[in-house]
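Let me begin by presenting the structure, written as structure tokens, before commenting on it.
Residue numbers (our numbering): 278 to 531.
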């Protein structure tokens with residue numbers, strides 16, 4: 278008899294950190310048109326169900342959202358987002374099969390401090406993945422917190438102003454030197470959702486375009502890249518999955 282899914286944990290204050298992942302850790306976006314489409318669906322679907330978007334970040338193979346859900350409608354809104362985007366993606370790219378990995382995950386937020394940590398984590402995602410400084414990343418709500426332009430805002434600006442009355446307050450919060458950003462899956466290493474982004478960023482810094490190219494390199498160059506991946510926090514299993522290089526070779530390189 279198949280095991281039933283664990284019920285979604287509910288927040289006592291109606292706030293959640295939501296994650297959507299690509300099926301099999303595959304990329305969710307082929308280009309910016311895909312990103313714009315998903316963001317549009319997130320905004321329209323959440324608004325339809327009275328779920329307020331507080332922060333977001335679109336990464337390569339996963340998406341982070343922070344949302345306020347006073348009426349307990351987050352499941353309905355996320356189901357609509359995922360089903361509509363999967364239909365769009367499959368039609369546009371001739372893809373067959375699942376786009377997302379199972380159901381979205383939602384971590385209940387329990388306090389104001391926890392909420393601010395979640396916002397910081399979401400906006401810091403590209404920087405933690407080695408893509409670019411968080412302030413230079415296009416596909417997050419960081420600019421809404423800085424520019425606060427109601428004509429183009431993607432998040433609830435009333436919340437932004439309540440949490441950070443001035444843009445400089447937000448910048449100071451993000452740039453505080455004594456702040457340590459902890460991943461939701463705390464454990465001291467990069468989690469599965471971020472591994473692909475880190476791997477791609479690293480190989481591009483070495484002039485490669487595909488992770489599979491690592492396996493075909495000469496030994497010295499391959500070992501240099503494998504060692505860099507381990508130094509960046511990727512586990513041996515993650516590197517093996519991303520590059521196809523065997524476990525023993527990865528161990529010797531690192």
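Ideal Cβ positions, reconstructed from N, Cα and C, are used throughout, including at glycine.
If you check the CB distance, residue 502 and residue 480 come in under 9 Å. Short of 6 Å from the beta carbon of residue 334, and not among the five residues preceding or following it, lie these beta carbons of its own chain, in chain order: 341, 399, 402, 417. The DSSP-derived three-state label of residue 447 is helix. Close CB contacts of residue 483 within its chain, under the 6 Å cut and outside five residues either way in sequence, are with 502 (chain order). When DSSP states are grouped into helix, strand and coil, residue 403 belongs to the helix group. Residue 428 carries a coil assignment under DSSP once its states are collapsed to helix, strand and coil. A contact between stretches requires three or more CB pairs, one per stretch, nearer than 8 Å, and the segment 487 to 506 fails this requirement with the segment 322 to 339. Counting of Cβ neighbours within 10 angstroms places residue 308 among the exposed residues, the total staying below 16. Less than 9 Å divides the Cβ of residue 344 from the Cβ of residue 293. The beta carbon of residue 350 sits closer than 8 Å to those of 326, 327, 328, all from its chain and outside the five residues before and after it, given in chain order. Annotated three-state conformation of residue 292 is strand, per DSSP. Going by C-alpha positions, residue 369 is about 15 Å away from residue 359. Out of 305, 432, 337, 306, the CA that lies nearest to the CA of residue 473 is found in 337.
Bridge pairing for residue 297: 340 [DSSP]. Per the C-alpha coordinates, the member of 300, 392, 443 positioned closest to residue 384 is 392.
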